[in-house]
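Counting in the working numbering, the sequence shown runs from 12 upward without gaps. Structure first, commentary second.
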Amino acid sequence: MRVFATEIGSDVPFFLGEGHAFVTGKGEISEEIEVHPGQGILALTPQVMNTAEMYTLLKKPLQESASQKNGNTLSESLISVLKSGDWRSLQGRLLNDFEPVAFQLHPELGVLKDKFLEFGSSYCSLTGSGSSMYGLVQGLEIQEELLHRLRQEFSNLTFVRFNF
Numbered sequence: 012m013r014v015f016a017t018e019i020g021s022d023v024p025f026f027l028g029e030g031h032a033f034v035t036g037k038g039e040i041s042e043e044i045e046v047h048p049g050q051g052i053l054a055l056t057p058q059v060m061n062t063a064e065m066y067t068l069l070k071k072p073l074q075e076s077a078s079q080k081n082g083n084t085l086s087e088s089l090i091s092v093l094k095s096g097d098w099r100s101l102q103g104r105l106l107n108d109f110e111p112v113a114f115q116l117h118p119e120l121g122v123l124k125d126k127f128l129e130f131g132s133s134y135c136s137l138t139g140s141g142s143s144m145y146g147l148v149q150g151l152e153i154q155e156e157l158l159h160r161l162r163q164e165f166s167n168l169t170f171v172r173f174n175f
């Protein structure tokens, strides 16, 4: 099944697994990790981001040097944050390289991220190469408040709560 899933897309096998994983490469390298249970909000946006185009615009070398590859491992401190559920500590440490490109193409995505954080999200990031955005929160009450405020501010978008 995993071999067939890889033929569909390099990151598809990840979605066949259970639990949490640190995924690198093009999505084909997966390492199971322990993550504290949490809550979040997913924003479904109308922008269409072509993955191949996003990689082209990223302007990063296809082959990274050994020093650049160090970012492809989870540090002990980051693993500790994931286990503890201190999502605020992820901001500025767990980065999506596609965000600057996506925000340049669609500035409204940057505005959306800013509002996620302003309205109570502890951590917020673009999903993959875009165009959805998600935010993590510390508890169900904050999740409900964030959902309410985002729906008021962005009535044209769809927001979905999730637990993990």
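Here a beta-carbon is modelled for each residue, glycine too, at the ideal position from N, C-alpha and C. Treat the numbers as computed from the prediction; the structure is a model and nothing was measured.
Check: Own chain, CB closer than 7 Å to Gly-30, minus 5 neighbours either side, in chain order; Outcome: Glu-43
Check: Beta-bridge pairing of Ile-90 - partner residues as DSSP gives them; Outcome: None, per the DSSP bridge assignment.
Check: Closest by C-alpha distance to Thr-67, when choosing among Ala-16, Leu-147 and Ser-140; Outcome: Ser-140
Check: Residues near Ser-100 in its chain [Cβ-Cβ closer than 6 Å; skip 5 each side]; Outcome: Val-92
Check: Contacts around Arg-104, its chain only, beta-carbon distance under 7 Å, and the 5 residues preceding and following it disregarded; Outcome: Leu-89
Check: Cβ pair count under 8 Å reaching 3, the segment 35-53 against the segment 145-158; Outcome: yes
Check: Val-148 in three-state terms, based on DSSP; Outcome: strand
Check: One or two residues paired with Val-34 in a DSSP bridge; Outcome: Ser-41
Check: Ranges of the alpha helix (DSSP H) found wholly within the segment 93-172, counting only runs of at least 4; Outcome: 110-116, 118-129 and 151-164
Check: Nearest to Gly-96 (by Cα), restricted to the options Val-148, Thr-169 and Arg-172; Outcome: Val-148
Check: Spatial distance of His-47 from Ile-40 (CA atoms); Outcome: 22 Å
Check: Integer Cβ distance of Val-59 from Ser-142, believed to fall under 8 Å; Outcome: 7 Å
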